[in-house]
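Residue numbers (full-length UniProt numbering): 1 to 318. C-beta atoms are modelled at their ideal positions from N, C-alpha and C, and glycine is treated no differently. Bear in mind that the values here come from a model prediction, so they are computed numbers and not experimental data. Read through the structure below, which is laid out as structure tokens, and then see the notes.
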Amino acid sequence: MAMTAAAVAAGVAGACAPLTSTRRTVAAAAMPATGVTAFAAARRYAELAFGRIAYVERGSGEAALFLHGAPLNGYQWRGAIDRLSPYRRCLAPDFMGLGYSQVSEHQSLAADAQAEMLASLLDSLAIGAVDLVASDSGGAVAQLFLVRYPERVRSLLLTNCDVEPDSPPAKVKPIVEMARAGTLDDMTAQWLTDKALARSTFGAAVFRDPAGFADETIEYYIAPLLSTPLRRAQYNAFHAAFEPNPLAGIEAELKRSTVPLRVVWGAADDIFAQSDAEYLDRVFPNSRGIRRVPGAKLFFPEEFPEVIAEEARRLWKV
Numbered sequence: 001m002a003m004t005a006a007a008v009a010a011g012v013a014g015a016c017a018p019l020t021s022t023r024r025t026v027a028a029a030a031m032p033a034t035g036v037t038a039f040a041a042a043r044r045y046a047e048l049a050f051g052r053i054a055y056v057e058r059g060s061g062e063a064a065l066f067l068h069g070a071p072l073n074g075y076q077w078r079g080a081i082d083r084l085s086p087y088r089r090c091l092a093p094d095f096m097g098l099g100y101s102q103v104s105e106h107q108s109l110a111a112d113a114q115a116e117m118l119a120s121l122l123d124s125l126a127i128g129a130v131d132l133v134a135s136d137s138g139g140a141v142a143q144l145f146l147v148r149y150p151e152r153v154r155s156l157l158l159t160n161c162d163v164e165p166d167s168p169p170a171k172v173k174p175i176v177e178m179a180r181a182g183t184l185d186d187m188t189a190q191w192l193t194d195k196a197l198a199r200s201t202f203g204a205a206v207f208r209d210p211a212g213f214a215d216e217t218i219e220y221y222i223a224p225l226l227s228t229p230l231r232r233a234q235y236n237a238f239h240a241a242f243e244p245n246p247l248a249g250i251e252a253e254l255k256r257s258t259v260p261l262r263v264v265w266g267a268a269d270d271i272f273a274q275s276d277a278e279y280l281d282r283v284f285p286n287s288r289g290i291r292r293v294p295g296a297k298l299f300f301p302e303e304f305p306e307v308i309a310e311e312a313r314r315l316w317k318v
């Protein structure tokens, strides 16, 4: 969600200790991540009452569910899955209205409906509980999933994302307005025809090194959103659903959760406030603290998947 807003703002039309910690600057991962071709070839579809839900699965054993931000899709987590699939059955679905999932024009795309869809997806795959890993608007869905299905969440790892007092954040509100006006899709379409523009605006807002935002990655994220008039309308509808606040009233339920939480926060993100990480650490009774990643922006999990893998393995004790 927030990366689109940041693009507009830019000018387009730790250990498990329960204390906040700051780590050294993270070097780029040495392990090459799965590319678009291989990731697309691994895509599967689950036929659910919600629609045809796209997902990628790798690994075996206990399951981990990776929830992407907007306007991304499960490909955001490719590097983390490369590193974590030896330890978990890793699932990266595409939310309804984003990525390669296909749903009807009447399907709600709001965060609570996304949480219900995830439960249905897990049922279809005979999966009970999962370790949740989530980013951006996926973090909002993760929190809703937790309070609705607490028995299905073993652990929760959140990167920069919505929290009840900051959802949607101020920089996203212009995006909601564009979505409601039906113009967000046209603005986003510029990124397909001008990849340099995508990197200099959207990329610069959400990545430490926007030069690494490859043409094929831009295509894989953006092309399906604009592929048909229905998909364009759903792209707008997905973002329009950010208001009213989907997390309103959730804090009391989060305070009752016993699920272990680890917060891993990009310290250079100016979309979600640094205080949002502290809010999560304070609200969750079983928080394992905050790791701040110096120089990292909103979608740092894509640039620094080794950080996600390190923190997930520590949280999962594997």
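Suppose you measure from the CA of residue i to the CA of residue j; what does that come to, to the nearest Å?
i           : j    : result
W316        : G182 : 42 Å
N245        : P168 : 7 Å
A80         : G203 : 20 Å
T25         : F300 : With a pLDDT of only 36 at T25, under the threshold of 50, the placement of this residue in the model should not be trusted; the figure read from the coordinates follows. Rounded to whole angstroms, T25 to F300 spans 12 Å at the Cα level.
F207        : N73  : 16 Å
residue 321 : S155 : Residue 321 falls outside the range modelled here, since the chain spans only 1 to 318, and no answer is possible.
K297        : D270 : 8 Å
A126        : V153 : 15 Å
R258        : R288 : Sequence inspection shows Thr at residue 258; the Arg mentioned does not correspond to that position. Answer to the nearest angstrom: the Cα atoms are 12 Å apart.
D112        : F145 : 8 Å
Could you name the residues of the same chain whose beta carbon sits closer than 8 Å to that of residue i, not counting the 5 residues immediately before and after it, in chain order?
i    : result
E311 : G14, L157, R262, V264, R291
A27  : Low local confidence applies: a pLDDT of 37 at A27 is under 50, so the model's placement there is unreliable, with the coordinate-based value given in what follows. There are no such residues.
S104 : G51
L48  : M117, S120, L121, S124
How would you write the range of the alpha helix (DSSP H) that residue i sits in, first residue to last?
i    : result
R288 : Unbroken run through R288 is the beta strand (DSSP E), 287-293; no alpha helix (DSSP H).
I53  : Where I53 is concerned, there is no enclosing alpha helix (DSSP H), although the beta strand (DSSP E) it sits in stretches over 51-58.
Y220 : 215-222
Between residue i and residue j, which are expected to be in contact by the criterion C-beta below 8 Å, what is the C-beta distance as a whole number of angstroms?
i    : j    : result
Q143 : L247 : 6 Å
G266 : T159 : 7 Å
D194 : L226 : Contact flag wrong, Cβ pair sits at about 14 Å.
Between residue i and the rest of its own chain, which residues show a CB-CB distance below 6 Å, the 5 nearest in sequence each way excluded?
i    : result
A309 : A80, R83, L84
P285 : none
Y279 : V163
Residue i: buried (16+ other C-beta within 10 angstroms of its C-beta) or exposed?
i           : result
residue 321 : Shown here, the chain extends from 1 to 318; a query on residue 321 therefore has no answer.
P224        : buried
D215        : exposed
G212        : exposed
P229        : exposed
S21         : Low per-residue confidence applies at S21: pLDDT is 38, beneath 50, and the placement is therefore not dependable, though the value from the model is reported in the following sentence. It counts as exposed.
V318        : exposed
T217        : buried
D209        : exposed
K171        : buried
Give me, in chain order, the residues of the same chain whose beta-carbon lies closer than 7 Å to that of residue i; leave out the 5 immediate sequence neighbours on both sides.
i    : result
L109 : M96, G97, Q234, A237, F238, A241
What first and last residue would you give for the beta strand (DSSP E) that runs through residue i?
i    : result
W265 : 261-266
A252 : Note, A252: premise wrong, no beta strand (DSSP E); alpha helix (DSSP H) at 251-255.
R89  : 89-93
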